[in-house]
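A short write-up of the structure that comes next.
Residue numbers (UniProt numbering): 1 to 898.
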């Protein structure tokens, strides 16, 4: 019996050893066999999904339905097998699964990968193994992730974030929101949505106020607590516009539930969500919609409710409810439809390759061994090329790749209302906002108004949200000084122990508040000190605004925002004046300028010479000795000033010249008399200083207003030494210093000069020199405050309506003081500009008559002598001139010109 049992045991051991040996051989052969060569076993497709997420579960079921449809169809030449792996959202787990799928199952392609991090790791593995990767995440186009862009075997069944971020910026621009807050998970840091949004907002003049990032591992902790803490930080900020770019539906639901609980889904709040969260609205339940009422959304794709889609949705819902009976809504989103279409696309591409291979020779095996023992796929590159060149129409729409992604030419704009969402319309870079209308074409507009009324959080609003919530009681600083109280002053109310403010600036501020479409509670805080320090308090957020005469300067604009100028501003000189001495010895010369005197004297002499030349041969009164003729000429021409010339004229040419000349003399004498009379009878003042250059050259002392930027301006810009600049507190200090000579001039802004002169301080003081323009005086707000644009608009309306002029007249009404020009010329002197026409007429007449007269003499001279003498004389110019002069001197013309 023992031997029998021993022999049986030996036989069993032998059989087990043989079985193990054959199994070992089979394993060795199987490991060295290329799985791609086994056609009978079908084709394996790797699927890597986060099955703990709604999107992952949805895509898994959709792909399984697609496999079932292919297996039941007679059109499929090869069976497809899905090798599904759960990455649990871990990029390392996804990469490990990819290696396992390639090594053990020889998958032809890998699909899924909803996050950019997972795609990044798996794409590196696929590049080595030359296996196509079809990712459902957005293409990463950020410069920091160039690895994905350069990956040869990667394509994305999605579009990049550029277009939808431009759509967000278009909505922001339509409502003129200057700031937004960005909320996203850390998956977005890699996808490039953040830089896309910055660029798009910058193009429309907006910025990101704060950025809140949720970690992908938030779910491992108390999610509600983490979300609450981060939202509280945003709630305390004044900006109430939130752009949400989250890839997790669960995180999105928790965030909006917490936001509603914290009162952040009320009036004045604005929420804008983007894909992928917007696309997941189709599968959210009613409780999620309840906490998202009033949310605006951007979708890069939309589902057409065709018959095929409805049939698929019905099958999908039954399958999803059976496998995941957790109360989630069972409707498929765009991700489920694209997953279904992707399997069909891969099946079509694999069959195309098999058809091509049957016509060609068999592909050789690739024996190259790479890291992780990955053997490069023989057909990987060819499969990818077929996929990228495919042009199919599926449940999700057209499946045609451009630049390795599914392009989107427009985005859909939706609005969550009640238990569902409404499609508002569309936006595209070419057409802006538009919506389809049956048989009416497409309407286009850059404003959201064309899409119809939008329901924002808090219910239907008659006024669109400002996107900015002002403090419950704005802290407004009011700068005060000793003088110039017409701008602003404070008084104490002893009864209520309150400080009251009045003045031009306060009246403008109150007029602006009446024009704002909302209430603005505020409280004034008086400030005594340097204006630049007060501006710094706005920058440090110690106060919320400044209402006062704050000059708009370039260096201040770097830290704060200014409204449109309330008052135009510039810098001028206030200088003492002195009486001009009327009995100056040469005052009689002042009515004409030097050039005017020179030209007038030259015309006097020229006209006299012309008349003398015309009359000397026929008028005895112009004859006699040389000195007698000179005396007669001078006496005759100057006596015409008084129309007292005694010499009679016998030549008609002379009479024509004198007629014109006497008219000119009449105009000149009348103008001279009027100008001289004005100089002698009107009191005239002249400034002690005419320009800043005079002050600098003489190193004179000047005064400027204390507690303003003027001290640095006078020192650094105008070039005065600090020791030559005195600070003044009020108008009385300026008046006293100018009158007693403490300062040679006051350098002040134009509004202060107007106020100074309006108090009847013109006596002994005047404005002199050029104007140095500045930016004006305006109100101050923090950088990016929407109140800046609202106040600026209201100030412009006040100016255009004429109310600003009324306020200026009320506070600065007064007196017009003389202004002295900075140049040295007397503006009352008459110049050639007023008389050059008259001088041209009289000079031209005299010249024309003289030319005619000389022509006649030359003609008579030629008739007087014979041709032989003329020919002889013309041989020598000097002899001819001497002969002609002798003839003219002896000429007796009795009838010529008479």
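Each residue gets a CB set at the ideal place from its N, CA and C atoms; glycine is no exception.
Classification of residue i by the beta-carbon crowding that lies within 10 angstroms, buried from 16 upward
i, result
"residue 615", "buried"
"residue 537", "buried"
"residue 453", "exposed"
"residue 424", "buried"
"residue 824", "Bear in mind that the predicted position of residue 824 carries a pLDDT of just 42, short of 50, making it unreliable; the figure below should be weighed with that in mind. Exposed, because fewer than 16 other Cβ atoms sit within 10 Å of the Cβ of residue 824."
"residue 768", "buried"
"residue 239", "buried"
"residue 197", "buried"
"residue 654", "buried"
"residue 589", "exposed"
"residue 306", "exposed"
"residue 377", "buried"
"residue 858", "exposed"
"residue 500", "exposed"
"residue 805", "exposed"
"residue 282", "buried"
"residue 203", "exposed"
"residue 747", "buried"
"residue 37", "Here residue 37 scores only 43 on pLDDT, less than 50, and its place in the model is too uncertain to base an answer on."
"residue 199", "exposed"
"residue 740", "exposed"
Paired residues, beta bridge with residue i - DSSP
i, result
"residue 490", "501"
"residue 181", "210 and 242"
"residue 135", "112 and 156"
"residue 420", "417"
"residue 522", "474"
"residue 777", "551 and 567"
"residue 527", "479"
"residue 576", "765"
"residue 746", "574 and 703"
"residue 85", "48"
"residue 772", "571"
"residue 845", "According to DSSP, which records beta bridges pairwise, residue 845 is partnered with nothing at all."
"residue 561", "781"
"residue 445", "432 and 433"
Bounding residues of the beta strand (DSSP E) (the contiguous stretch that carries residue i)
i, result
"residue 209", "207-214"
"residue 588", "Neither: residue 588 is in no beta strand (DSSP E) and is coded neither H nor E."
"residue 728", "725-728"
"residue 296", "296-299"
Cβ-Cβ distance between residue i and residue j below 8 Å
i, j, result
"residue 774", "residue 570", "yes"
"residue 932", "residue 609", "The question about residue 932 has no answer, for the chain in this structure spans 1 to 898."
"residue 575", "residue 701", "no"
"residue 450", "residue 509", "no"
"residue 297", "residue 340", "no"
"residue 839", "residue 599", "yes"
"residue 550", "residue 777", "yes"
"residue 480", "residue 531", "no"
"residue 155", "residue 134", "yes"
"residue 342", "residue 157", "yes"
"residue 328", "residue 317", "no"
Terminal residues of the alpha helix (DSSP H) in which residue i lies
i, result
"residue 751", "750-758"
"residue 811", "803-812"
"residue 433", "That residue, residue 433, is in no alpha helix (DSSP H); its beta strand (DSSP E) goes 432-434."
"residue 253", "249-261"
"residue 104", "91-105"
"residue 165", "162-174"
Any chain B beta carbon closer than 8 Å to residue i
i, result
"residue 321", "Reference to chain B is not applicable here, since this structure consists of a single protein chain."
- Task: Could you say if the stretch 779-792 and the stretch 551-565 meet the contact criterion of at least three C-beta pairs nearer than 8 Å?
- Result: yes
- Counting Cβ pairs closer than 8 Å, one from the stretch 46-57 and one from the stretch 91-111, do we hit at least three? yes
- Task: Count the CB pairs spanning the stretch 470-477 and the stretch 520-529 that are closer than 8 Å, and state whether there are at least three.
- Result: yes
- Message: Measuring CB atoms only, is the stretch 459-468 touching the stretch 326-344, in the sense that at least three cross pairs come out at less than 8 Å?
- Response: no
- Quick check: the stretch 659-666 against the stretch 710-724, are there 3 or more CB pairs under 8 Å? no
- Message: Under 8 Å, with one C-beta from each stretch per pair, do the stretch 168-188 and the stretch 316-323 reach the 3-pair mark?
- Response: no
- Message: Quick test of the definition: if touching needs 3 or more C-beta pairs under 8 Å, does the stretch 306-316 touch the stretch 342-352?
- Response: no
- Query: Are the stretch 243-253 and the stretch 173-184 in contact at 8 Å, needing three or more beta carbon pairs?
  - Reply: yes
- Message: Quick check: the stretch 272-286 against the stretch 379-388, are at least 3 beta-carbon pairs closer than 8 Å?
- Response: no
- Three or more beta-carbon pairs under 8 Å between the stretch 511-519 and the stretch 482-494, yes or no? no
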